[in-house]
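Worksheet: the structure to be examined is printed underneath.
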Amino acid sequence: MIPLASPFTKDRLAPLGEVFEVSSLGRVLSPASMESQRAVSSCPKGLVNGGGYLDRTPTKNGTKDSITKLVSDLNSAKLETDVDVVVSPPFVYLDQVTASLTGRIEVSAQNSWIGKGGAFTGEISVEQLKDIGCKWVILGHSERRHIIGEDDHFIGKKAAYALNEGLGVIACIGELLEEREAGKTFDVCFQQLKAFAGRDRDLTLMGPSFADVVPSWDNIVIAYEPVWAIGTGKVATPQQAQEVHVAVRDWLKKNVSEEVASKTRIIYGGSVNGGNCAELAKQEDIDGFLVGGASL
Numbered sequence: 015m016i017p018l019a020s021p022f023t024k025d026r027l028a029p030l031g032e033v034f035e036v037s038s039l040g041r042v043l044s045p046a047s048m049e050s051q052r053a054v055s056s057c058p059k060g061l062v063n064g065g066g067y068l069d070r071t072p073t074k075n076g077t078k079d080s081i082t083k084l085v086s087d088l089n090s091a092k093l094e095t096d097v098d099v100v101v102s103p104p105f106v107y108l109d110q111v112t113a114s115l116t117g118r119i120e121v122s123a124q125n126s127w128i129g130k131g132g133a134f135t136g137e138i139s140v141e142q143l144k145d146i147g148c149k150w151v152i153l154g155h156s157e158r159r160h161i162i163g164e165d166d167h168f169i170g171k172k173a174a175y176a177l178n179e180g181l182g183v184i185a186c187i188g189e190l191l192e193e194r195e196a197g198k199t200f201d202v203c204f205q206q207l208k209a210f211a212g213r214d215r216d217l218t219l220m221g222p223s224f225a226d227v228v229p230s231w232d233n234i235v236i237a238y239e240p241v242w243a244i245g246t247g248k249v250a251t252p253q254q255a256q257e258v259h260v261a262v263r264d265w266l267k268k269n270v271s272e273e274v275a276s277k278t279r280i281i282y283g284g285s286v287n288g289g290n291c292a293e294l295a296k297q298e299d300i301d302g303f304l305v306g307g308a309s310l
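Counting in the numbering used here, the sequence shown runs from 15 upward without gaps.
See below:
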């Protein structure tokens, strides 16, 4: 989420959602901080990914002209010093964005390959992303899992390689509606975390395991995105989001380390009941937001 200081207004949120995935990566969204962000307590419904103004079925997807205007707005935005902001445009616009966006805002890709490259038509390598100035990559997004068919093992290998090459990873996890209704939310999220943490199946098929190559968990941000609350008309309560974030942090404490559990940023990407961002931000373990719309 971009702090809602000028120049962002309600009518500008739609193009933002159409073109970019936007992340605020920082544990700074306390109630006091929110007050300073131009009364975010009254933010429009749909600010958090999945509904309202961030329409996931827009009539107009990104163009070079619309992105030029969007980048101009981003460059003139007033951002708090303790908030990290990352934008993730489609691949074909990455170079345009990295070349024109202020250095205050970092750029992420929406996907990357599992190794150094080769004959993998249509894929994009970590080395190529770094070459054009990307600092992050989003991996494990629900659409990659459930539409493209990527499994935990494959996603874990991608993450291991990206981190080993110095690219930060926004690691997405989240459950389907039927999994939540069956009481499997934590089981699903923990299984997905195992792949990112190198505790899933053998991740050495194309190189060292994740656990062996992670130089620092400072380069990992976990994004909890309940699939059932993204573009479905269903919404989560702040308490539902908080309980998963607490469970994720506890899993990190037990399976990685207490230090990692304390400092790893866990952000939220999904619709929230009433669009009440201030209530969501009051939850102690929610460190930021992944906001977006259609990626193409």
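Think of the CB as a built atom: it goes at the ideal place given N, C-alpha and C, for glycine as much as any other residue. Since this is a predicted model, take the numbers as computed values, not measurements.
Taking the CA atoms as reference points, Arg263 sits about 14 angstroms from Gln206. In this structure, DSSP gives Trp127 a state outside helix and strand, which the three-state scheme calls coil. Under the 10 Å beta carbon count, Thr278 is surrounded by 16 or more other beta carbons and is classified as buried. Judged by DSSP in its simplified three-state form, Ala196 adopts coil rather than helix or strand.
Comparing alpha-carbon positions, the option among Thr135, Gly117, Val99 and Phe105 lying closest to Lys78 turns out to be Phe105. Straight-line spacing of the CA atoms in Leu115 and Gln297 works out to 31 angstroms. In the DSSP annotation of this structure, Leu153 is not part of any alpha helix (DSSP H); the continuous beta strand (DSSP E) holding it starts and ends at Trp150 to Leu153. Shown here for Lys248: same chain residues with a beta carbon closer than 6 angstroms to its own, the five before and five after excluded, namely Trp242 in chain order.
Ranked by Cα distance from Gly283, the first of Val235, Ser276 and Ala275 is Val235. DSSP lists Ala237 as the beta-bridge partner residues of Cys186.
Cβ-Cβ distances below 7 angstroms link Gln110 to Lys78 and Ile81 in the same chain, with the five nearest sequence neighbours on each side left out; the list follows chain order.
A Cβ-Cβ contact shorter than 9 angstroms links Leu177 with Asn233. Ranked by how close their Cα comes to the Cα of Glu239, the residues Glu293, Phe168, Val274 and Ile152 have Ile152 in first place. Bridge partners of Phe303 according to DSSP: Tyr282. Minimum Cα-Cα distance from Trp127 among the listed residues Glu94, Glu193 and Val183 corresponds to Val183.
Separation of the CB atoms of Ile300 and Gln253 is rounded to 11 angstroms, and the pair is thereby denied contact status at 8 angstroms. Taking the Cα of Val202 as reference, the smallest distance to any Cα among Lys172, Trp231 and Asp166 is reached at Asp166. When secondary structure is reduced to three states using DSSP, Ala91 falls in the coil class, being assigned neither helix nor strand. Rounded to whole angstroms, Ile244 and Phe168 show a C-alpha spacing of 23 angstroms.
When DSSP states are grouped into helix, strand and coil, Ser156 belongs to the helix group. Between Leu266 and Val258, the C-beta gap is not smaller than 9 angstroms, which leaves the two residues out of contact. Contact annotation, Leu190 with Ala237: C-beta distance approximately 16 angstroms; criterion of less than 8 angstroms not satisfied.
Gly154 is positioned such that its CB atom lies closer than 9 angstroms to that of Ala185.
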